[in-house]
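Everything on this sheet refers to the single structure shown next.
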Amino acid sequence: ERELRLALARQAAPQQRLEILLSRILAAEAKLCNRMALYPEALAVAREAILLAAATEEAGAETEGYLQAALALRYQGDFPTALESAAQALMLARQHAMHAVEGESLVTLGTVSLYQGDYEEARSHLDGALTVYRATRQRREEARALNGLGVLRLYQGQYSEARIHYEQSLEAYREIGDRHGEGQELNNLGAVAHHLGEFEEARRYYEQALLVREQLAEYQGVGLTSGNLGLLAHHMGDNDAAMTYCRAALRIAQERGDKDSEAFALLGMAQAQLGRGDIEDAIRSASQALDLRESLEQTNQALEARAWLIRAELLSPTGRPDVRGVLDILDALHDNNLVGIIDPFSVYWTCYQALMAADHERAQHALTEGYALLRARADRIRGSAMRHIYFHSWPARRQITEAYMGTSGE
324 ERELRLALAR
334 QAAPQQRLEI
344 LLSRILAAEA
354 KLCNRMALYP
364 EALAVAREAI
374 LLAAATEEAG
384 AETEGYLQAA
394 LALRYQGDFP
404 TALESAAQAL
414 MLARQHAMHA
424 VEGESLVTLG
434 TVSLYQGDYE
444 EARSHLDGAL
454 TVYRATRQRR
464 EEARALNGLG
474 VLRLYQGQYS
484 EARIHYEQSL
494 EAYREIGDRH
504 GEGQELNNLG
514 AVAHHLGEFE
524 EARRYYEQAL
534 LVREQLAEYQ
544 GVGLTSGNLG
554 LLAHHMGDND
564 AAMTYCRAAL
574 RIAQERGDKD
584 SEAFALLGMA
594 QAQLGRGDIE
604 DAIRSASQAL
614 DLRESLEQTN
624 QALEARAWLI
634 RAELLSPTGR
644 PDVRGVLDIL
654 DALHDNNLVG
664 IIDPFSVYWT
674 CYQALMAADH
684 ERAQHALTEG
694 YALLRARADR
704 IRGSAMRHIY
714 FHSWPARRQI
724 TEAYMGTSGE
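Straight run, no breaks: the sequence shown in the working numbering ends on number 733.
Below you can see the structure in the form of C-alpha cells.
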C-alpha cells in the first residue's frame, strides 16, 4: 500500500509542479496588469492565482495573489473588499516571513484605511510599513510608505507635514532612478501647493508630473494629473482649459475601468461647466459622479458630489433649494473626518446658500461650521501672508470668509 501511494505521488508530482508554476505566473501577470492600470483584468487573474495556489499550497503565489487583488480593488474603489484581501495578504506574508509583501500589504491597508476615514488605523499601518522597509533597507518601498504618510497628512489639512513626507519620498525615488515614483511625488507636491493656494507653483509641479507620466505611458497617472490640472484651471478662472483637462482625465478613466478617477473627472467637469454657465451639463456630470460614488460606497466622496449636484440644480431656471438633502449633508458632516472630500468648504457653502434661499434657521449654523473648519486649517499654516492666501484662494473659502465676516462683525 505504501509503495502504491508513492507511485501515485510520483505520477501526480509533474502535474502539481505545473500547477505551482502556473500559479506563480498568474500572480506575476496580475502584478503586471496592475502596473499597466488594467484593474479588472488584474483582479480576475489574481483570483485565479489565489485559487490555484491554495490548491497546491504554494504560499508565495497565494500571498502575492491576495496583495494584487487588494491593489486592483483599491484602484477600482472597492475599499471594503480591498481591506479584506490586504489583511489576508498580510497574515500570509507574516506567516512565511515575506518582508516585501508584508510591507506592501501594510501600505495598502494604510491607504485604504485612509480612504475609509480611519486616520489612526492608516497611520499605524503606514508607520509599520516604514519600520519594515527601513529594517530591510528597501529604499523604493520606504519612499512608498513616506508617500502614504504624506497623503494622510494632506487629508488632515497638515500641509507642512505632507510636504515634508512628499519631498523625502521624491528624494528617495530620484536617488534610485524610479521615474514612476518621481511623477507621483511631483503630482503630490503640486496638490500641496494647490491646497495652499500657491497656484503657479502647483501648475509647475503638475506639468512636470504630467510630462514624466506621459513619457512613461503611465495612463492612470496621466489621467489623475490631468484631472488635477483641470481643477486648478477652474480655480484660476480658466474653465475652458479645465474642461479640456477633465475630458482627457475622463476618457482615460473610462478606458481603464477606473471608476474612482472617473467620478473625480466628472465632478471636475461639473465645476467647470458651472463656471461657464452650462447648468444642465453640470447637473448631468454631477449626477453621474454621484451615482459612481454611491456604487463604490464612498460615503464622503458622495457627499461632495451631492453638494455640487444641489448647487447646480439650485442655479437652474426651475431650481428650488433641496432643504432635506442639505440637512442630510450637514448631519453627515457632523463629527466627520472629511477624508476623501477634496473641497469641504464648497460643501458647506452650498449648504449655506441653499438654506439661505429657503430662509431656513440652520443657514447660519452651516456658515459657522464651515468657517470654523477653515480657520482651524488656516491656523496650522505659518505666516500671515500664507494664511491670507489660504483663506481667499479657492472660491468657496473666499465666499465663506466674506459671508462670515459680514454676519459676525469680526
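Where a beta carbon is used, it is the ideal one built from N, C-alpha and C, also for glycine.
- Residue Gln621 holds the alpha-carbon nearest to the alpha-carbon of Asp401 among Gln621, Ala377, His517 and Gln611.
- Going by beta carbons, Leu619 and Asp583 fall inside the 8 Å limit.
- Residue state for Ser608 is assigned as helix, using DSSP reduced to three classes.
- Straight through space, the alpha carbons of Leu638 and Arg502 are spaced by roughly 44 Å.
- In this structure, Leu653 is the residue among His711, Val662 and Leu653 with its C-alpha nearest to the C-alpha of His688.
- In the three-state reduction of the DSSP assignment, Glu381 falls in the coil class.
- Beta-carbon to beta-carbon, Ala409 and Thr431 are separated by about 4 Å, close enough to satisfy the 8 Å threshold.
- Around the beta carbon of Pro640, a 10 Å sphere encloses fewer than 16 other beta carbons of the protein chains shown; the residue is thus reported as exposed.
- Shortest Cα-Cα distance from Ala452 to any of His422, Val435, Leu475 and Gly473 involves His422.
- At a Cβ-Cβ threshold of 8 Å, Leu469 and Ala495 count as neighbours.
- Exclusion of the five residues before and after Ser549 leaves Tyr568, Ala571 and Ala572 as the residues of its chain whose Cβ lies within less than 6 Å of its Cβ.
- When DSSP states are grouped into helix, strand and coil, Glu521 belongs to the coil group.
- Linking Ala416 to Arg647 through their CA atoms gives a straight-line distance of about 48 Å.
- Leu475 is the residue among Glu524, Arg486, Ser483 and Leu475 whose C-alpha sits nearest the C-alpha of Ile665.
- Taken in chain order, the whole alpha helix (DSSP H) runs of length 4 or more contained in the segment 420-446 are 422-439.
- DSSP, read as helix, strand or coil, puts Ser483 in helix.
- Beta-carbon to beta-carbon, Val368 and Leu349 are separated by about 5 Å, close enough to satisfy the 8 Å threshold.
- When C-alpha distances from Asn623 are compared across Leu390, Gln611 and Gly663, the shortest belongs to Gly663.
- The three-state secondary structure of Trp672, taken from DSSP, is helix.
- Contact check for Gly426 against Gln461 passes: the beta carbons are separated by less than 8 Å.
- Counting of Cβ neighbours within 10 angstroms places Arg643 among the exposed residues, the total staying below 16.
- Annotated as distal: Ala625 and Leu597, with beta-carbon spacing of 8 Å or more.
- In the structure shown, Val535 adopts helical secondary structure according to DSSP, grouped into three states.
- In this model, Arg497 and Glu508 are separated by some 10 Å (Cα to Cα).
- Within its own chain, the residues whose Cβ lies closer than 6 Å to the Cβ of Arg685, once the five positions on either side in sequence are excluded, are Leu678, listed in chain order.
- The residues Ala593, Gln596, Leu597 and Ala635, in chain order, have a CB closer than 7 Å to that of Ala605 in the same chain once the five nearest residues on each side in sequence are set aside.
- Looking at Asp581, Asp614, Leu555 and Leu632, the one whose alpha-carbon comes closest to that of Asp601 is Leu632.
- Following the DSSP letters along the chain, one finds Arg647 inside the alpha helix (DSSP H) bounded by residues Val646 to Leu656.
- Taking all protein chains in view, the Cβ of Glu443 is surrounded by fewer than 16 other Cβ atoms within 10 Å, so the residue is classified as exposed.
- A Cβ-Cβ contact shorter than 8 Å links Ala353 with Ala365.
- The C-alpha of Ser346 is placed about 44 Å away from the C-alpha of His517.
- Counting only the Cα atoms, Tyr362 lies some 16 Å from Arg574.
- DSSP places Glu684 outside both helix and strand once states are collapsed to three, so it counts as coil.
- Judged by DSSP secondary structure, Asn562 falls within the alpha helix (DSSP H) whose first and last residues are Asn562 to Arg579.
- Per DSSP, Pro640 is not a residue of any alpha helix (DSSP H), being assigned neither H nor E.
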